[in-house]
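Numbering (our numbering), first residue to last: 11 to 217.
In this text, a Cβ means the ideal position worked out from N, Cα and C, and glycines have one as well.
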Amino acid sequence: MAQTSCRKCSVPLVLGENWTDGLARARSYICRTCLSANGKAHYAKHAERAAELQRQRLAVPSNKKAAAALKSAYYAANKEKWLEYRATHRERLQQDTFLRAGKLLTWIRARAAKSGREFDLTREWIAERLQAGVCEVTGIPMELSKPPGSRFHPWAPSVDRVDSKLGYTQGNCRVVCWIYNMAKSEWSDEVVVTFAKALSARSSLAN
Ligand SMILES: [Zn+2]
């Protein structure tokens with residue numbers, strides 16, 4: 011087939027990059043960025059109504075129980091399929107920066123909502139930084155996979171707030187390796203630098 015391009019933004023569509031197998035099969039000539047924007051616009055338009063309906067549904071105790079029962083029945087009946095999906099999805103999260111960005115965004119959005127902090131990050135903003143591939147502070151290449159049996163990779167990407175008193179905004183955030191984020195916690199870069207210098211000077215492992 012001749013080269014195709016996005017019907018919204020005209021960017022050339024590249025399978026596996028900005029176009030998925032699913033979209034190609036459905037002959038949906040739209041890039042993932044535009045698709046995601048469409049989804050967001052649709053959600054924004056109907057968010058209040060959807061949230062209200064969901065609240066009404068879950069407010070009835072029997073509905074809540076029925077929903078949970080349906081869910082576990084579904085997982086029980088489709089266990090193989092579900093496990094397979096989970097395994098492939100995990101694998102894809104380690105390869106696909108756009109997918110991974112979506113996952114990070116979901117986490118952060120929830121955390122921002124919980125703490126009532128400002129939030130203006132987008133999937134594209136994160137994906138761009140994941141594609142750059144290095145920690146914005148240390149320059150260490152980031153790692154999307156993780157060692158078997160452990161929850162986190164020290165070089166896994168994470169979103170750090172420069173000033174931890176401020177929100178999850180593009181102006182206050184950067185994508186750094188997990189260990190940097192952990193070490194910095196609610197403090198400043200200077201604290202980590204002091205720590206790292208002292209460690210490096212003392213460590214018999216450093217040369
Ligand atoms: Zn597009």
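Residue 18: beta carbon under 7 Å from a heavy atom of ligand 1?
yes
Proximal residues to residue 105 (C-beta, below 8 Å), its chain only, five neighbours per side dropped
154
I'd like the span of the beta strand (DSSP E) that includes residue 144, first residue to last.
Counting along the chain, residue 144 falls outside any beta strand (DSSP E), and DSSP gives it neither H nor E.
In the structure shown, what three-state DSSP assignment does residue 164 receive?
coil
Tell me the rounded alpha-carbon separation between residue 144 and residue 18.
31 Å
Beta-carbon contacts of residue 130 that lie in its chain and below 7 Å, excluding the five residues immediately before and after:
179 and 180
Can residue 74 and residue 68 be called in contact, C-beta distance under 8 Å?
yes
Going by DSSP in three states, residue 39 sits in which element: helix, strand or coil?
coil
Inter-residue spacing [alpha-carbon to alpha-carbon] between residue 204 and residue 196
15 Å
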